[in-house]
Amino acid sequence: IPLKNPYSLKAGDSLPVQVLFKGKPLSNLILYAGAAGHDAPLTQATTDSDGKAEIKLSEGGRWYIRGINLVQVDKGDHSYESYWTTVTFEVKE
Numbered sequence: 011i012p013l014k015n016p017y018s019l020k021a022g023d024s025l026p027v028q029v030l031f032k033g034k035p036l037s038n039l040i041l042y043a044g045a046a047g048h049d050a051p052l053t054q055a056t057t058d059s060d061g062k063a064e065i066k067l068s069e070g071g072r073w074y075i076r077g078i079n080l081v082q083v084d085k086g087d088h089s090y091e092s093y094w095t096t097v098t099f100e101v102k103e
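Just so you know, my numbering puts 54 at position 44 of the sequence shown, and the rest follows in order with no gaps.
Structural data, given as structure tokens:
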């Protein structure tokens with residue numbers, strides 16, 4: 011969840027975000043963020059105990075923030091379930 015309107019930001023700003031899982035803050039989730047034109051993420055951040063993190067937006071253009079939460083389960087045919095989250099937006103030059 012972006013905690014600021016990402017469309018109000020420009021290159022060099024940071025975007026505070028919060029990750030919830032089943033309605034509760036998700037801590038220790040690594041978030042990867044990148045911009046169009048790059049093969050790999052430009053930055054990463056880990057959520058704190060409130061599920062919050064700051065993503066530094068180093069340049070303008072289209073951005074994504076993504077994370078994957080792996081939950082261990084005992085379901086016989088598989089051991090983990092993965093829950094994906096992604097948000098995309100554009101940053102002013």
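Idealized CB from N, CA, C, for every residue including glycine.
Bridge partners of residue 35 according to DSSP: 30. A distance below 8 Å between beta-carbons, with the five flanking residues on each side excluded, links residue 52 to the following residues of its chain, in chain order: 43, 44, 45, 68, 69.
Taking the Cβ atoms as the reference, residue 50 lies roughly 21 Å from residue 57, outside the contact range of under 8 Å.
The residue among 84, 75, 33, 21 with its C-alpha nearest the C-alpha of residue 60 is 33. Linking residue 93 to residue 103 through their CA atoms gives a straight-line distance of about 32 Å.
With 16 or more other Cβ atoms inside 10 Å of its own Cβ, residue 27 counts as buried.
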